[in-house]
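This note's numbering numbers the first residue of the sequence shown as 54 and each following residue consecutively. What follows is a set of notes on a single structure, which appears directly below.
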Amino acid sequence: MAKDQTVLFHSTIFGPIRSRRLGVSLGINLSPDDGKVCSFDCIYCEAGYNAQGPGTTGLPLREKVRRQLHDKLSVMKTGGDPLDVITFSGNGEPTLNPDFPGIIDDVIRLRDEFYPEAKVSVLTNSTRIFTPSVAEALKKVDNNILKLDSAIESTMRLIDQPTSREFTVKRVVEGLKEFAGTGIIQTMMLRGEHGGIVVDNTTPEEADALIAAYKEIKPREIMLYSLDRSTPEEKLIKVEKPELESIGRRIEEETGIKVQVN
Numbered sequence: 054m055a056k057d058q059t060v061l062f063h064s065t066i067f068g069p070i071r072s073r074r075l076g077v078s079l080g081i082n083l084s085p086d087d088g089k090v091c092s093f094d095c096i097y098c099e100a101g102y103n104a105q106g107p108g109t110t111g112l113p114l115r116e117k118v119r120r121q122l123h124d125k126l127s128v129m130k131t132g133g134d135p136l137d138v139i140t141f142s143g144n145g146e147p148t149l150n151p152d153f154p155g156i157i158d159d160v161i162r163l164r165d166e167f168y169p170e171a172k173v174s175v176l177t178n179s180t181r182i183f184t185p186s187v188a189e190a191l192k193k194v195d196n197n198i199l200k201l202d203s204a205i206e207s208t209m210r211l212i213d214q215p216t217s218r219e220f221t222v223k224r225v226v227e228g229l230k231e232f233a234g235t236g237i238i239q240t241m242m243l244r245g246e247h248g249g250i251v252v253d254n255t256t257p258e259e260a261d262a263l264i265a266a267y268k269e270i271k272p273r274e275i276m277l278y279s280l281d282r283s284t285p286e287e288k289l290i291k292v293e294k295p296e297l298e299s300i301g302r303r304i305e306e307e308t309g310i311k312v313q314v315n
């Protein structure tokens, strides 16, 4: 059963907020201010389902993002406000914005000018890593955080609901190898039910498949997390931290890759 859940962010630059994974974070929303544009339709997305529509404001242009970020960082710096990270997140998939590569260049320049110690992070669902300009832009940021919620095709399709049939676990794992040693793989752990079908990516079978995928991808780090806010699918259950930590220990032991649990 779905809740009537709508977009979270009604501006291009938002925050700063305290992120449980990244610290004091200033957000950049490259999706519309009043709608959702995404290549996934995740059952756990805090911004709601894609069915709510793309809204009317359109994707923000590069110059608008540059100008608004400049003004915000200037005010924060003058006020002595702390900043740990500038994070691309928002009401959908940021790499769908056609100005994404240029915006990354602008953000890095502005970060260097105002808060050179801050990191630039991108939360991406990995659907656009096959586009060379997007892949090259992702390689420029400090934290290239790439989604892999399951390495079993049926589970991935149930949880993430990709809008393209061409997006498969096999293809994305192969593509993620391009970021070996630098990319961070982020996996949402959850259980429950969707459309009458049981959802659970915490089982031993799921962990085995993820471990095999992580070994192939060889990321710099793995992030495991679970539900923190309301979701459009009502029948989902948060995986509590002790269980996440147990899963994380097994993954770390078998892969040799650092696992961060949030």
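For every residue, glycine included, the Cβ atom is placed at its ideal position computed from N, Cα and C. Since the structure is predicted, the reported quantities are computational estimates derived from the model, not experimental observations.
The Cβ-Cβ distance between Asn82 and Ser142 falls below 8 Å. A residue is called buried when at least 16 other Cβ atoms come within 10 angstroms of its Cβ; Ala190 meets this threshold and is buried.
Excluding five sequence positions before and after Ala265, the CB atoms of its chain that fall closer than 7 Å to its own CB belong to Ala204, given in chain order. Per DSSP, the continuous beta strand (DSSP E) segment holding Phe141 begins and ends at Val138 to Ser142.
Counted as a single uninterrupted DSSP element, the stretch harbouring Arg302 is not any beta strand (DSSP E) but the alpha helix (DSSP H) occupying residues Lys294 to Thr308. Comparing alpha carbon positions, the residue from Val252, Val175 and Pro169 closest to Thr148 is Val175. Out of Glu170, Lys200, Arg162 and Asp159, the CA that lies nearest to the CA of Thr177 is found in Lys200. DSSP places Arg162 within a helical segment (H, G or I) once states are collapsed to three. In the displayed model, Met242 falls within coil according to three-state DSSP, outside both helix and strand. The way I'd put it, the segment 207-218 does touch the segment 91-104; three or more beta-carbon pairs between them come closer than 8 Å.
Residue range Lys172 to Thr177 is occupied by the beta strand (DSSP E) that includes Thr177.
For Ser78, there is no enclosing alpha helix (DSSP H); the enclosing beta strand (DSSP E) has its first and last residue at Gly76 to Asn82. A distance below 8 Å between beta-carbons, with the five flanking residues on each side excluded, links Gly155 to the following residues of its chain, in chain order: Arg115. With 16 or more neighbouring CB atoms inside 10 Å of its own CB, Asp202 falls in the buried class. Taken through DSSP and simplified to helix, strand or coil, Glu286 comes out as strand. Rounded to the nearest whole angstrom, the CA to CA distance from Glu170 to Val138 is 9 Å. Taking the Cα positions, Pro285 is about 9 Å away from Thr59.
Distance between Phe220 and Glu246, taken at the CA atoms: about 23 Å.
Inter-residue distance for Asp165 and Gly111 is about 29 Å (C-alpha atoms, whole angstroms). For Lys89, the secondary structure class from DSSP, reduced to helix, strand or coil, is coil. Here Leu277 carries a strand assignment [DSSP, helix/strand/coil]. Going by DSSP, Val128 is part of the alpha helix (DSSP H) stretching over Arg115 to Thr131. Remark: C-beta atoms of Thr256 and Val292 do not approach each other more closely than 8 Å.
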